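Chemist: This is the structure I want to talk about, given as structure tokens.
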Amino acid sequence: MESKFDKLLAFSAVFIHIFAFSGLVYRSQIYPHIPVAPEEAYGLGDVIDLLFAFVIVIIWCCAFISAIAVTLFNIKHNWLTSLKTLLYASVALIGYFYVKSSNLLF
3 MESKFDKLLA
13 FSAVFIHIFA
23 FSGLVYRSQI
33 YPHIPVAPEE
43 AYGLGDVIDL
53 LFAFVIVIIW
63 CCAFISAIAV
73 TLFNIKHNWL
83 TSLKTLLYAS
93 VALIGYFYVK
103 SSNLLF
């Protein structure tokens with residue numbers, strides 16, 4: 003029987019990749035077309051970009067907490083799988099911020 007932490011870990015791993023890909027598509031395609039008001043440092047595009055980053059970090063934190071819980075509670079069964087899934091989610095987190103901060107999108 004799957005625990006709630008197993009399901010949370012699986013959903014987190016999927017959703018972090020969906021949001022990371024969506025954030026990169028937004029950053030490369032839509033962000034340049036959103037104007038910034040005169041004499042303002044940030045615009046609506048920056049706020050949306052910040053929300054993407056915030057959601058990705060929150061989802062990664064959920065994946066981290068659920069992976070630790072699965073590892074501690076089910077040490078005999080699937081601790082290695084939970085750590086691999088956490089690594090998979092961490093690759094999405096690091097990859098998102100690396101590609102977003104570099105000039106690979108432009």
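According to the working numbering, the stretch in the sequence shown is residues 3 to 108, in order. By construction, the Cβ of each residue, glycine as well, lies at the ideal position given by its N, Cα and C atoms. For clarity, every value in this text was computed on a predicted model and none was experimentally measured.
My assumption, with CB atoms under 8 Å, is that GLY25 sits in contact with PHE54. Please give the rounded CB distance.
Modeler: Looking up residue 25 in the sequence shown gives position 23. Looking up residue 54 in the sequence shown gives position 52. So it is a contact: roughly 4 Å between Cβ atoms.
Chemist: Does SER5 come out as helix, strand or coil in the three-state DSSP assignment?
Modeler: To locate residue 5, count along the sequence shown from 1; it is residue 3. Of the three classes helix, strand and coil, the one that applies to SER5 here is coil, per DSSP.
Chemist: Touch check for the segment 84 to 98 and the segment 17 to 31: three-plus C-beta pairs under 8 Å?
Modeler: yes
Chemist: For a test of the three-state rule: what should DSSP assign to HIS19, helix, strand or coil?
Modeler: As a position in the sequence shown, residue 19 is number 17, starting the count at 1. Note: HIS19 maps to helix in three-state DSSP.
Chemist: Nearest by alpha-carbon distance to ILE96: which of PHE23, PHE13, LYS6, PRO37 is it?
Modeler: As a working note, residue 96 is residue 94 in the sequence shown. Nearest C-alpha to ILE96: PHE23.
Chemist: What span of residues does the alpha helix (DSSP H) with VAL38 cover, start to end?
Modeler: Along the sequence shown, one-based indexing puts residue 38 at 36. Premise fails: VAL38 is in no alpha helix (DSSP H) and is neither H nor E.
Chemist: List the endpoints of the continuous alpha helix (DSSP H) containing SER92.
Modeler: If you number the sequence shown from 1, residue 92 lands on position 90. It spans 81 to 103 - the alpha helix (DSSP H) in which SER92 sits, taken as one unbroken run.
Chemist: With distances taken from CA atoms, which of ASN76, THR87, SER104 is nearest ALA15?
Modeler: The residue given as residue 15 occupies position 13 in the sequence shown. Of the candidates ASN76, THR87, SER104, the one whose C-alpha sits nearest the C-alpha of ALA15 is THR87.
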